[in-house]
Amino acid sequence: MAKSFEQAKVTVPGVVAAKGTRRLVMLTAYDFTFARIADRAGVDMLLVGDSLAMVVQGHDNTLGVTMDEMIYHTRMVARGRERALVVGDMPFLSYQVSPVEAVANAGRMVKEGGAEAVKLEGGVN
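Residue numbers (the working numbering): 918 to 1042.
Take a look at the structure:
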């Protein structure tokens, strides 16, 4: 039987404070059910990755997933968790075009998707 315990909500400041003091666990989730399972298992952060293009949608790569689809899946994950920090992956060309567009899309991920952090990848800077 799993032990019952209360854990505090994971926040960005809490993640920063944990640096160098304890290990954090992050898993990828694409929907409510897996988010709920991972959250109840004590996972600290849930990443809604653009890999859902391949894993969920059957694309050959991640280029086909849209901002709207990422927001949809992020919203499902956010609904499924109680304490884990939700991180939404910014899809291809959602932030590379301009800083203004990057901020607007990140804002959508937070406001519409329920993300508490966003992830960018690639680039030189």
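Glycine included, each C-beta is placed from N, C-alpha and C at the ideal position.
Everything numeric in this text was worked out from a predicted model, so none of it was measured.
Thinking just about the alpha-carbon of each residue, which of the options is nearest to the one in residue i?
i: arginine 953; options: Ser1011, Arg998, Gln1013, Ala1021; result: Arg998
i: glycine 931; options: Asp948, Glu1033, Phe951; result: Glu1033
i: valine 994; options: Met962, Leu1037, Gly1039; result: Met962
i: aspartate 967; options: Tyr989, Gly959, Ala935, Glu1029; result: Tyr989
i: valine 929; options: Leu1002, Val1020, Leu944; result: Leu1002
i: glutamate 859; options: Asp977, Val965, Arg996, Asn978; result: Because the chain here runs from 918 to 1042, residue 859 falls outside it and cannot be looked at.
i: alanine 946; options: Arg996, Glu1018, Lys926, Glu1038; result: Arg996
i: valine 1004; options: Gly975, Lys1028, Gly1039; result: Lys1028
i: lysine 926; options: Asp956, Thr938, Val972, Lys936; result: Asp956
i: glutamate 1038; options: Arg1025, Phe949, Asp948, Phe1009; result: Phe1009
Can you list, in chain order, the residues of its chain with a C-beta nearer than 7 Å to that of residue i? Leave out the 5 residues immediately preceding and following it.
i: asparagine 1022; result: Met984, Met1007, Ser1011, Tyr1012
i: valine 1020; result: none
Evaluate residue i with the Cβ neighbour count: other Cβ atoms within 10 Å of its Cβ, from every protein chain shown; 16 or more gives buried, anything less gives exposed.
i: valine 982; result: buried
i: alanine 958; result: exposed
i: leucine 941; result: exposed
i: lysine 920; result: Model confidence at lysine 920 stands at a pLDDT of 45, short of 50, so the residue's coordinates are unreliable; what they give is reported in the following sentence. By the neighbour-count rule (16 or more Cβ atoms within 10 Å), lysine 920 is not buried but exposed.
i: alanine 934; result: exposed
i: arginine 939; result: exposed
i: valine 1014; result: exposed
i: methionine 918; result: Interpretation of methionine 918 is limited by its pLDDT of 38, a score under 50 that renders its predicted location unreliable; the figure taken from the coordinates is listed afterwards. Result: exposed.
Is the separation between the beta-carbon of residue i and that of residue j shorter than 7 Å?
i: arginine 992; j: glycine 1030; result: yes
i: valine 1035; j: methionine 1026; result: yes
Less than 6 Å between C-beta atoms, sequence neighbours within five positions excluded: which residues of the same chain meet that for residue i?
i: methionine 943; result: Met962, Leu964
i: histidine 976; result: Ala970
i: valine 960; result: Val942, Leu944, Ala1001
Give every residue of the same chain whose Cβ lies closer than 8 Å to the Cβ of residue i, excluding the five residues on either side of it in the sequence, and list them in chain order.
i: asparagine 978; result: Ala970, Met971
i: glutamine 974; result: Gly981, Val982, Glu986
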